[in-house]
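What follows is a single structure, written as structure tokens, with notes after it.
In our numbering, the protein residues as written are 2 to 173.
Given below as structure tokens:
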């Protein structure tokens, strides 16, 4: 369930405020979640725009989805993955010959399910080098910093070249 409102603060500046309601239940309990979000959008000129945003998120992975991603794992008590802090800035540039979008963000995630391995290698003489161990899931909290960009250059009206990329670093 979403509710939001947008206000023009000036001809080039707009404020968006909203709230998202989620109800989650999982193996050990259930919870109601209210996630407020906001963005401030500034049109710098006809070709450039910048947006500052705060958008917390909740991701609920079903057991079926988790089993398809990790078919060799036993039952894991999953809780909704929450990102109560998810803020960033996005810059857009558009012209007839090129367009660019750059986004920088910081996200604090709780209940992130990460599949890890406990592999060791059999080094017995004459035996092939084979992994031994098992997969397991850790539920952890993490901080993620990301820079995402995409650009399109149009050298002529009949052709274009697009580039996409993401740099990110995640810490527990």
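Where is the CB? At the ideal position from N, CA and C, for every residue including glycine.
Just so it is clear, the structure is predicted and the values come from calculations on it, not from any experiment.
The continuous beta strand (DSSP E) containing residue 4 extends over residues 3-9. In the structure shown, residue 39 falls within a strand segment according to DSSP collapsed to helix, strand and coil. Below 8 angstroms, too few C-beta pairs join the segment 37-50 and the segment 102-111 to call them touching: fewer than three. A distance below 6 angstroms between beta-carbons, with the five flanking residues on each side excluded, links residue 34 to the following residues of its chain, in chain order: 23 and 59. Boundaries for residue 173: no alpha helix (DSSP H) harbours it, and the DSSP string shows neither H nor E there. Within the same chain, and ignoring the five residues on either side of residue 155 in sequence, the residues whose Cβ sits closer than 6 angstroms to its Cβ are 98 and 161.
Taking residue 94 as the centre and dropping the five residues before and after it, the same chain places the C-beta of 48, 49, 100 and 101 closer than 7 angstroms to its C-beta, in chain order. Looking from the CA of residue 65, the closest CA among 78, 57 and 53 belongs to 78.
Between the alpha carbons of residue 13 and residue 170 lies a gap of roughly 34 angstroms. Residues 22 of the same chain have their beta carbon placed closer than 6 angstroms to that of residue 2, with the five preceding and five following residues left out of the count.
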